[in-house]
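Novice:
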Amino acid sequence: MSFKSFSNRQTTIDNEVVMKGTGVHSGAEVSMILHPAEANTGYNFYVQGGGQIGHVSGDFRAVSNLTLCTVLSAADGTSVATVEHLLAALRGMGIDNAAIEVDGNEVPVMDGSAEQFVDAIQETGLRELDEPRRYIKVLRPIEVRDGESVGEFFPYNGFRLDVEIDFKSEFIGRQRLDIDITPSSFKKICRARTFGFLKDVKQLWAAGRALGSSLENTVAIGDDRILNPEGLRYPDEFVRHKTLDAVGDMALAGAPILGLYRSYRGSHRLNSKVLHALYEAKDAWTIVEIAEKPAHRYVAPRAEFGIAFAMPNFAPETA
Ligand SMILES: [Zn+2]
């Protein structure tokens, strides 16, 4: 088991992981079990409720609401909220496939970051599967503007995020983080917590929403101070969290992305729009496999793949 680098084979978690925590919407205690899953299944949510189990795919086309967090919904009405930090942890730690069972309509918010998900994934470990990992390779730039927000994809041989935020609040201001996402670099962002302005949180509470949000899982910004007694985990915790959110949003692409994603004043909404724009521009991406050790004469690791690799770095298109 290694988290050092992405290999060319798909992965899942080695064993089941049980986690409990607060649901940020309901304020209720929710529990979740992460299960190992087969290759080419991706991330799937199994939602228990009313004696039934509903299924929702971890797919950007299932996104139904992005106002407070990312909500995924299936055609039959099954939905699951607050998926973004868990998906960020799975993607960031190089886990391609997982079945996620929740006993309600939301993933526990934990401490508002992805740290406890990462700890749990590390504890159980990673299992390599026999199928090659397939990447979505960005071939040309894509740009989406949404008011003052801009999101762009560029070709890049890795998964890199360049996230810039610009808030009027003196506690946040302008912050930027440009980072290649690997299982080791992901540790730099996985502890960054969700943040919100107290006035917005009060409005949500008055509307009966975000009932589980508290200083235990949110950095609350008041008029003149950060309300959390422990303060910030990093001076730039805000941009680190926005970067974490972007990893989670991009995890809904269906496969890891080989590209640079740059956002200015980004949001879940912007990230989702850019993913849709990329998907719809069929000439802007392709599916590739990467050879583990590029060689002059590449030998396919398994004959049953039936794919004749020709290029040193990238396999020919498979889709
Ligand atoms: Zn977040």
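Numbering (my numbering), first residue to last: 804 to 1122. Every residue gets a Cβ at the ideal spot worked out from N, C-alpha and C, and that includes glycine.
Identify which residue in Val1091, Gly824, Asp949, Gly857 has its Cα closest to the Cα of Ser876.
Specialist: Gly857
Novice: Which residue spans inside the segment 981–1045 form an unbroken beta strand (DSSP E) run of at least 3?
Specialist: Entirely contained in the segment 981–1045, the beta strand (DSSP E) runs reaching 3 residues are, in chain order, 998–1000, 1022–1024.
Novice: Which residues share a DSSP beta bridge with Phe962?
Specialist: In the DSSP output, where bridge partners are listed per residue, Phe962 has Gly1062.
Novice: Which two residues bound the contiguous alpha helix (DSSP H) that contains Ile924?
Specialist: Segment 918–927, the alpha helix (DSSP H) holding Ile924.
Novice: Quick one: Cα of Tyr1082 to Cα of Gly1057, how far?
Specialist: A direct Cα-to-Cα measurement between Tyr1082 and Gly1057 gives close to 11 Å.
Novice: Would you mind giving the Cβ-Cβ distance between Leu1047 and His828, rounded to the nearest angstrom? I have them listed as a contact below 8 Å.
Specialist: Actually they do not touch by this definition, with Cβ atoms about 20 Å apart.
Novice: Among Gly1062, His1079, Arg812, which residue has its Cα nearest to the Cα of Arg930?
Specialist: Arg812
Novice: Taking 9 Å as the cut-off, decide whether the C-beta atoms of Gln978 and Gly824 are in contact.
Specialist: Gly824 is positioned such that its CB atom lies no closer than 9 Å to that of Gln978.
Novice: Buried or exposed for Glu1040, please, with buried defined as at least 16 other CB atoms from any protein chain shown within 10 angstroms of its CB.
Specialist: So Glu1040 ends up on the buried side.
Novice: In three-state terms, what does DSSP make of Ile816?
Specialist: strand
Novice: Please state whether DSSP places Leu893 in a helix, a strand or coil.
Specialist: helix
Novice: Would you call the CB atoms of Asn1074 and Gly954 closer than 9 Å?
Specialist: yes
Novice: Assuming Pro986 contacts Met896 under a Cβ cut-off of 8 Å, what Cβ separation, rounded to an integer in Å, is found between them?
Specialist: Contact holds; Cβ gap of about 5 Å.
Novice: Please go through the same chain and pick out, in chain order, the residues whose beta-carbon is closer than 6 Å to the beta-carbon of Tyr1067, but skip the five residues on each side of it.
Specialist: Val953, Glu967
Novice: Confirm the yes/no value for this check: CB of Asp997, any heavy atom of ligand 1, distance under 8 Å.
Specialist: First, the residue type needs correcting, since residue 997 is Thr and not Asp in the sequence shown. Within the cutoff, so yes.
Novice: With H, G and I counted as helix, E and B as strand and the rest as coil, what does DSSP make of His858?
Specialist: strand
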